[in-house]
Amino acid sequence: DSAIAVNLKACNHFRLYNGKAAEAELKALSADASGSGAVAGGGGHALLHTNDLIRHNRVVFSQGEAALQVLPSLSDFIPEARLNLVIYYLRHDGMQEAYELIKDVEPSTPQEYILKGVVNASVGQALCSRDHIKMAQQFFQLVGSSASECDTIPGRQCMASCFFLLKQFEDVNIYLNSIKAYMYNDDDFNWNHGISLAQTGNFKAAEEALLLVQNERYKAEYCYISWLARCYVMNGQPKNAWELYLKMDTSNESFNLLQLIANDCYRMGQFLYAAKAFDVLERLDPDPEFWEGKRGACVGVFQLVVAGKAPKEDLRDVLTMVRNTSNPQVEYMVRIITKWATNAGIKLT
Numbered sequence: 001d002s003a004i005a006v007n008l009k010a011c012n013h014f015r016l017y018n019g020k021a022a023e024a025e026l027k028a029l030s031a032d033a034s035g036s037g038a039v040a041g042g043g044g045h046a047l048l049h050t051n052d053l054i055r056h057n058r059v060v061f062s063q064g065e066a067a068l069q070v071l072p073s074l075s076d077f078i079p080e081a082r083l084n085l086v087i088y089y090l091r092h093d094g095m096q097e098a099y100e101l102i103k104d105v106e107p108s109t110p111q112e113y114i115l116k117g118v119v120n121a122s123v124g125q126a127l128c129s130r131d132h133i134k135m136a137q138q139f140f141q142l143v144g145s146s147a148s149e150c151d152t153i154p155g156r157q158c159m160a161s162c163f164f165l166l167k168q169f170e171d172v173n174i175y176l177n178s179i180k181a182y183m184y185n186d187d188d189f190n191w192n193h194g195i196s197l198a199q200t201g202n203f204k205a206a207e208e209a210l211l212l213v214q215n216e217r218y219k220a221e222y223c224y225i226s227w228l229a230r231c232y233v234m235n236g237q238p239k240n241a242w243e244l245y246l247k248m249d250t251s252n253e254s255f256n257l258l259q260l261i262a263n264d265c266y267r268m269g270q271f272l273y274a275a276k277a278f279d280v281l282e283r284l285d286p287d288p289e290f291w292e293g294k295r296g297a298c299v300g301v302f303q304l305v306v307a308g309k310a311p312k313e314d315l316r317d318v319l320t321m322v323r324n325t326s327n328p329q330v331e332y333m334v335r336i337i338t339k340w341a342t343n344a345g346i347k348l349t
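The sequence shown begins at 1 in the working numbering and counts up one residue at a time.
Right, here's the structure in full:
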């Protein structure tokens with residue numbers, strides 16, 4: 001029961017299970033030397049706080065807790081400490097700090113190549129830098145095509161990332177589908193898989209993948225919201241897309257989401273929610289195109305009601321939205337809709 005053996009067992013539990021299982025193993029080191037379970041040599045409790053390797057591993061097991069207090073001082077003589085500090089920064093919006101730590105590292109292991117790829121991809125996407133994107137793609141390809149890694153989960157993830165950056169989404173899906181069974185609860189995987197599936201038009205599977213994402217920070221990002229909204233519209237659930245908009249604060253992103261909902265709903269013949277979106281857009285920005293979109297969508301709702309394919313109550317919403325606009329065409333549209341409703345015995349007030 002040496003400290004080295006306990007630490008090694010904890011590392012195995014981390015790989016096989018999770019950080020909590022690994023930390024449970026390390027508790028053996030804090031047992032009182034006079035009690036059962038004491039480790040050889042005593043002083044187990046002190047080891048948890050003084051042994052550099054164990055201090056490093058405790059940070060990893062706890063998903064980065066105390067990383068900034070522990071890892072910087074260990075980076076020069078425990079190679080993994082620098083890599084784990086990079087990971088910590090990436091997870092906490094410290095992209096530039098991560099880049100500064102990794103940029104001069106000459107990769108020699110798959111993990112180093114992968115981390116260089118991830119950092120360069122992050123920088124490239126943030127700065128719209130083709131050079132960084134190309135470097136990331138090359139790092140991922142080196143790992144994913146290597147004989148030792150090509151059939152591993154990280155290797156296939158690397159090839160998927162390489163093709164993702166190249167926008168070859170059919171190939172991305174081939175690689176991600178091959179490891180899907182092992183990544184069910186991985187938010188990063190489900191995010192990437194969902195977007196890639198949507199890019200190839202498989203909106204049903206894309207919606208399922210995106211809804212598996214649990215990280216609230218991810219779910220608050222516009223990229224996630226917009227892709228999920230598009231999936232909802234394409235899968236015949238425009239109300240769900242509209243509710244995503246209603247939950248957003250007024251901003252450029254909410255304006256962009258309105259445009260996405262308006263145009264996608266119009267293309268899919270979901271005219272009521274297209275009209276709702278164009279109506280809000282028109283009130284925010286009196287662009288004639290928004291009135292034209294709303295007018296067309298309102299006419300589309302009217303046609304669906306006449307054909308018996310939409311509830312008659314939708315006409316009330318249509319009339320309200322049409323009357324929100326000051327335009328010579330409004331009076332004519334109101335008169336036509338009201339006349340038809342009266343002849344059909346429908347009360348609109």
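All C-beta atoms in this analysis are idealised placements derived from N, C-alpha and C, irrespective of residue type, glycine included.
A67 sits close to L85, with the two beta carbons spaced by under 8 Å. Per the Cβ contact rule, the segment 211–226 is not in contact with the segment 168–180 (fewer than 3 Cβ pairs under 8 Å).
Check the Cα spacing between P238 and each of K219, K247, E216 and G269: the tightest is with G269. Under the Cβ criterion (8 Å, minimum of three pairs), the segment 167–176 counts as touching the segment 191–201. Non-local beta-carbon contacts of D287 in its own chain, meaning distances under 8 Å to residues more than five positions away in sequence, involve L281 in chain order. Across the set E207, I346 and R230, the C-alpha of I346 shows the shortest separation from the C-alpha of P311. Taking C-beta separations shorter than 7 Å and ignoring five residues to either side along the sequence, the partners of S122 in its chain run L90 and M95, following chain order. Membership of F139 in the alpha helix (DSSP H) is indicated by the continuous run R130 to G144. Of the residues assessed, R295 falls on the buried side of the cut-off, its CB having 16 or more other CB atoms within 10 angstroms.
Shown here, L281 sits in a helix according to DSSP, grouped into three states. Contact check for K204 against N235 passes: the beta carbons are separated by less than 8 Å. Here the segment 133–146 makes contact with the segment 101–120; the two share three or more CB pairs at distances below 8 Å. A check of alpha carbon separations from Y184 across E216, S108, P79 and I153 identifies I153 as the nearest.
The DSSP-derived three-state label of C162 is helix. Around the C-beta of E207, 16 or more other C-beta atoms lie within 10 Å, and the residue is accordingly described as buried. Note on geometry: alpha-carbon atoms of N51 and R217 lie some 34 Å from one another. A contact between stretches requires three or more CB pairs, one per stretch, nearer than 8 Å, and the segment 59–66 meets this requirement with the segment 8–20.
Judged by beta-carbon spacing, C265 lies within the 8 Å limit of V233, meaning their Cβ atoms are closer than that value. Only exposed fits H92, as fewer than 16 other CB atoms lie within 10 angstroms of its CB. The C-beta distance from W242 to I225 rounds to 12 Å, too long to fall under 8 Å, and the pair is not in contact. Residue nearest to F278 within the set N240, L304, L246 and M321 is M321 (criterion: CA-CA distance). Counting only runs of 4+ residues, the alpha helix (DSSP H) found wholly inside the segment 192–255 occupies 203–211, 216–219, 222–234 and 238–246, in chain order. In the DSSP annotation of this structure, the continuous segment of the alpha helix (DSSP H) that includes E292 starts and ends at P288 to V306.
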